[in-house]
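Visitor: Dumping the structure here so I can ask a few things about it.
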Amino acid sequence: MLNDWLTSERIQIRTDITDWRQAVEVSAEPLLKEGTITPDYLTAIFAQREKLGPYFVLAPGIAMPHARPEEGANGLGLSLLTLPHGVKFNSADNDPVYTVVMLSAPDKHSHIELISELAELFSSEEDMQKIFHAKALHEIQEVIARY
């Protein structure tokens with residue numbers, strides 16, 4: 012199922028990003044381009060980050076920025092950005108972040124199955140290490156295809 016959402020157009024590997032804010036912005040680009048989210052969605056993510064700190068850094072090396080459906084989510088969407096060199100998100104327990112998965116959900120329910128698939132992927136340390144250190148798109152796609 013994840014490979015239905017994480018198509019080649021929605022996966023990026025970037026070694027030039029050094030700032031958490033830029034990482035979030037770049038991870039959103041595929042969803043912005045296709046209209047799945049609006050610029051307001053990013054504004055909401057950054058506003059929540061100011062209030063709560065790095066709430067979207069879920070586990071060591073993994074960030075999943077997201078906002079509420081009414082804050083600019085036009086549809087269900089997912090994108091993935093891999094940062095092979097890691098980027099500090101100021102999360103004491105989970106820095107550096109190597110993978111940013113941008114999630115968009117237009118309502119409270121449509122993303123539940125997607126979250127379940129992501130949780131399964133995130134819980135595999137071996138597969139996440141492969142994604143963290145991928146140098147080519149096909150390496151990430153091979154992992155994603157199993158979920």
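If you use my numbering, the sequence shown corresponds to residues 12 to 158, in order.
The beta-carbon is built from N, C-alpha and C at its ideal position, and this holds for glycine as well.
Predicted, not measured: the structure shown is a model, and the values here were computed from it.
#1: Specify, as a first and last residue, the run of the beta strand (DSSP E) that Leu91 falls within.
#2: Quick check on DSSP: helix, strand or coil for Met113?
#3: When we look at the beta-carbon of Ser121 and count the other beta-carbons within 10 Å, is it buried (16 or more) or exposed?
#4: Count the CB pairs spanning the stretch 48-68 and the stretch 78-96 that are closer than 8 Å, and state whether there are at least three.
#5: Quick check on His144: buried or exposed, where buried means 16 or more other Cβ atoms within 10 Å of its Cβ?
#6: The beta strand (DSSP E) spanning Ile22 covers which residue range?
#7: When we look at the beta-carbon of His11 and count the other beta-carbons within 10 Å, is it buried (16 or more) or exposed?
#8: Can you check which of these residues, Glu150, Ala34 and Pro71, is closest to Ala103 by C-alpha distance?
#9: Quick one: is Gln140 buried, meaning 16 or more other Cβ sit within 10 Å of its Cβ, or exposed?
#10: How far does the alpha helix (DSSP H) with Leu17 in it reach, from first residue to last?
#11: In this structure, does DSSP put Ala145 in helix, strand or coil?
#12: Kindly provide the ranges of any alpha helix (DSSP H) runs that are 4 or more residues long and lie completely inside the stretch 33-64, ordered along the chain.
#13: What residue from Leu63, Gln59 and Gly64 has the CA that sits closest to Ala78's CA?
#14: Suppose contacts are defined by Cβ-Cβ distances below 9 Å. Is Arg25 in contact with Phe57 by that definition?
Guide: To lay it out plainly:
#1: Sequence index remark: in the sequence shown, residue 91 carries index 80 (1-based). Note, Leu91: beta strand (DSSP E), Gly88 to Val98.
#2: By one-based count along the sequence shown, residue 113 stands at place 102. Reduced to three states, the DSSP call for Met113 is strand.
#3: To locate residue 121, count along the sequence shown from 1; it is residue 110. Classification of Ser121: exposed, given that the 10 Å Cβ count is below 16.
#4: yes
#5: Numbered from its first residue, the sequence shown carries residue 144 at position 133. Looking at its Cβ environment, which holds fewer than 16 other Cβ atoms inside 10 Å, His144 is exposed.
#6: Counting from one through the sequence shown, the residue named residue 22 turns up at place 11. Segment Ile22 to Ile24, the beta strand (DSSP E) holding Ile22.
#7: Residue 11 falls outside the range modelled here, since the chain spans only 12 to 158, and no answer is possible.
#8: Walking along the sequence shown from the start, residue 103 turns up at place 92. The shortest C-alpha separation from Ala103 is found at Pro71.
#9: Locating residue 140 in the sequence shown gives position 129, counting from the first residue. It is exposed - the Cβ of Gln140 has fewer than 16 other Cβ atoms within 10 Å.
#10: Locating residue 17 in the sequence shown gives position 6, counting from the first residue. Neither: Leu17 is in no alpha helix (DSSP H) and is coded neither H nor E.
#11: For the purposes of this step, residue 145 is taken as residue 134 along the sequence shown, with counting starting at 1. Reduced to three states, the DSSP call for Ala145 is coil.
#12: 50-63
#13: Within the sequence shown, numbered from 1, the residue matching residue 78 stands at position 67. When only C-alpha atoms are compared, the closest one is Gln59.
#14: As a working mapping, residue 25 is identified with position 14 in the sequence shown. As a working mapping, residue 57 is identified with position 46 in the sequence shown. Not closer than 9 Å, so no.
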